[in-house]
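Colleague: In our numbering, the protein residues as written are 1073 to 1240. Take a look at this one; I'll ask things after.
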């Protein structure tokens, strides 16, 4: 009998968390899209069937992937829940991270707490530690965009900067 009561209760909790995550991800995508639109003169936003948002005009192009939205405590000084979302820029050689938005909850809404400029590709966030891939070559090198030429590192957030904690 206990199992019969426990199963529906578990399903309800899981569905509630999934809906909250989806709503949070949707809000984060909306904020990132508006941010990217402000970086263009007369940009337009398009969303494909996978939910990936492309923003651009004749001068700048950005891509926002819903799979690159992370919830977790990136800034240990904050008491609010946080969401990290990356805005990639399109270059001839491919996509590169350009802007990272750290969003914080403010009641039922999210607001931009920090904007970080970095070419680090965020892989996850856990208890103030940010796992990321970074290019191993200087931006002036032809190997800068090489997908195999990346190193996994751990960062901590300090103000508007990612500070290297350690290499893996």
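We put the CB at the ideal spot given by N, CA and C, even for glycine. Every value quoted in this text rests on a predicted model; they were computed, and no experiment measured them.
Check this for me: beta carbons of residue 1226 and residue 1237, under 8 Å apart or not?
Modeller: Against a cut-off of 8 Å, the Cβ pair of residue 1237 and residue 1226 comes out as a contact.
Colleague: What's the gap between the Cα of residue 1132 and the Cα of residue 1161?
Modeller: Approximately 8 Å between the Cα atoms of the pair.
Colleague: Taking only the alpha-carbon atoms, compute the straight-line gap between residue 1195 and residue 1094 and give it to the nearest angstrom.
Modeller: Those two C-alpha atoms are separated by around 19 Å.
Colleague: Measuring CA to CA, which of 1122, 1136 and 1120 is closest to residue 1103?
Modeller: Per the Cα distances, 1136.
Colleague: Which residue's Cα is closest to the Cα of residue 1184: 1204, 1173 and 1192?
Modeller: It is 1173.
Colleague: Does the beta-carbon distance from residue 1105 to residue 1125 come in below 8 Å?
Modeller: Yes; because the gap between Cβ atoms is below 8 Å, this pair is in contact.
Colleague: Hey, could you find the ends of the beta strand (DSSP E) residue 1209 is sitting in?
Modeller: It is not in any beta strand (DSSP E) - residue 1209 carries neither H nor E in the DSSP assignment.
Colleague: Which two residues bound the contiguous beta strand (DSSP E) that contains residue 1161?
Modeller: It spans 1154-1163 - the beta strand (DSSP E) in which residue 1161 sits, taken as one unbroken run.
Colleague: Do you know how far the Cα of residue 1107 is from the Cα of residue 1163?
Modeller: Their Cα atoms are separated by approximately 19 Å.
Colleague: Between the Cα of residue 1205 and those of 1211, 1193 and 1152, spot the shortest distance and give me the residue it belongs to.
Modeller: Minimum Cα distance to residue 1205 is reached at 1193.
Colleague: What does DSSP give as the partner residue(s) for residue 1169 in the beta ladder?
Modeller: In DSSP, residue 1169 forms a bridge with 1160.
Colleague: So, at 7 Å on beta carbons, what are the nonlocal neighbours of residue 1080 in its own chain, with the 5 sequence-adjacent residues on each side left out?
Modeller: Here the model assigns residue 1080 a pLDDT of 43, short of 50, so the residue's position is not dependable and the matter cannot be decided.
Colleague: Could you tell me whether any Cβ in chain D is nearer than 8 Å to the Cβ of residue 1104?
Modeller: Of the chains in the structure shown, none is chain D; there is only one protein chain.
Colleague: Label residue 1149 either buried or exposed according to how many other C-beta atoms from any shown protein chain fall within 10 Å of its C-beta, with 16 as the threshold for buried.
Modeller: Looking at its Cβ environment, which holds fewer than 16 other Cβ atoms inside 10 Å, residue 1149 is exposed.
Colleague: Does DSSP classify residue 1096 as helix, strand or coil?
Modeller: Helix at residue 1096.
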